[in-house]
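Just so you know, we're using numbering that gives the first Met the number 0 here: the sequence shown kicks off at 0 and counts up by one.
Each residue gets a CB set at the ideal place from its N, CA and C atoms; glycine is no exception.
Below is one structure, written out as structure tokens; the observations come after it.
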Amino acid sequence: MFSSTNTKVFIIAEAGVNHNGSLSRALELCDAAKEAGADAVKFQTWKTEKIVTERARMAAYQKENLGADDSQFAMLKALELSYEDFRAIQEHCRAIGIEFLSTPDEEESLRFLVSLGLPLVKVGSGEVTNIPYLRQIGECRLPVILSTGMSTLEQVKVAYQTLLDAGAPEVALLHCTTNYPCPMEEVNLRAMLTLKEAFGCPVGYSDHTMGIEVPVAAVALGAQIIEKHFTLSRELPGPDHKASLEPSELKAMVQAIRNIGTALGDGVKRPNASEKANAQVVQKSILAACPIRKGEVLTADKLTVKRAGGGLSPVCWDSVVGTVAQYDFDTDEAIRL
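Structure representation (structure tokens):
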């Protein structure tokens, strides 16, 4: 699915839980992702009772972003959408022409999303060490995108092989730092290249920094997939809004990534069509530095190199010096052999 011959970067607009439990807001997020030019809009699907106990506390970034110290259970329950909601979101995505994706956080939701005919399974960083669940994902025999935040290279190796052994036809890996927002000193973008070298698979970057420069840099380094959180407004309450792009920023990121993707080209060093035309004007030619009569030896002091709009290239200098002039040349006239 993410063949190296496909040079277009796959951009996932991560709506995540930024709908705040509202179907109508989720649909607005789909519209915003489409308007921005993203390839896919992604949510998260779970049954709260199946992924967290009522005793589990919120992560530090969740407490800070929410300004509260509630349980994970209460927070997630308030953000949970129903399966019927997700069916409605998928239908809306089909109608507006954007790929619908969602990360399943437990087996029941995995089976539900597979039943919807999703083209791939996106796995969050929290599941890298969840071997039994990775086996269940692999058994679905769909391409997998696995985020690798909080993981060592050895842990990623085990997760990667587990997915393949269980039946996943292809696994792409996203470098990621699981912190919201992620400070620049924790990005470690070169780790994406480490994943590429270690596994030889498609790689990308799931970004939690503020701004758009890091995902754009990731594309310049060779990312084939970019995932970025976005929201309708960073002023909304919720755990992820503050580390998300607003719609206009998402659009700017998509355009920048498309520009970089185009600018990367095919890697063949050659003049393009516009350069060939410019070369006639910009590149220099071998000219007579003074009047030269037919039969004179073309010594270096009788020749010069200037822009003239045509004539022998200075590449031929050593082949010209020492030969006999076959014509009369005026000063600044192009030498002909």
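Annotated as distal: L249 and A39, with beta-carbon spacing of 8 Å or more. If you check the CB distance, L172 and F198 come in under 8 Å. The alpha-carbon of L112 is positioned some 19 Å away from that of N17. C-alpha of A217 to C-alpha of V51: approximately 33 Å in a straight line. Rounded to whole angstroms, the Cβ separation of P182 and A242 is 11 Å, and the two are not in contact under 8 Å.
Taking one beta carbon from each stretch, the region 126-136 and the region 160-167 have 3 or more pairs nearer than 8 Å; the two touch. Beta-carbon to beta-carbon, V253 and A37 are separated by about 6 Å, close enough to satisfy the 8 Å threshold. The Cβ-Cβ distance between I88 and K121 does not fall below 8 Å. H174 has Y204 as its beta-bridge partners, per DSSP. In the DSSP assignment, I95 forms no beta bridge with any residue. Around K283, the same chain offers V304, K305, R306, P313 as residues with beta carbons nearer than 7 Å, after the five sequence neighbours per side are excluded. At a Cβ-Cβ threshold of 8 Å, T102 and Q43 count as neighbours.
It is roughly 23 Å from the alpha-carbon of K156 to the alpha-carbon of F9. Around the beta carbon of T176, 16 or more other beta carbons lie within 10 angstroms, which makes this residue buried.
According to DSSP, residue pairing for E226 in a beta bridge involves I11, S205. Within the same chain, L75, E79, P103, D104, E105, S108 come within 8 Å of W45 by CB-CB distance, once the 5 residues on both sides are set aside. Taking the Cβ atoms as the reference, L119 lies roughly 23 Å from L152, outside the contact range of under 8 Å.
Only residues of its own chain outside the window of five on either side were considered, and among them L286 have a CB closer than 6 Å to the CB of D331, listed in chain order. Short of 6 Å from the beta carbon of K293, and not among the five residues preceding or following it, lie these beta carbons of its own chain, in chain order: A324, Y326, D327. In the structure shown, the three-state DSSP call for P103 is strand. Scanning the region 21-51 from its first residue to its last, the whole alpha helix (DSSP H) runs of 4-plus residues come out as 22-35, 47-50. Out of Q71, F85, F72, E13, the CA that lies nearest to the CA of S21 is found in F85. Excluding sequence positions up to five before and after R93, its CB lies within less than 8 Å of the CB of F99, all in the same chain and listed in chain order. Here L302 is not near I256, since their CB atoms are 8 Å or more apart. In the DSSP assignment, V253 falls outside any beta strand (DSSP E) and lies within the alpha helix (DSSP H) extending over 246-263. A residue is called buried when at least 16 other Cβ atoms come within 10 angstroms of its Cβ; V213 meets this threshold and is buried. Each of L188, I136, I211, H91 was checked against the Cα of P168, and the nearest Cα belongs to I136.
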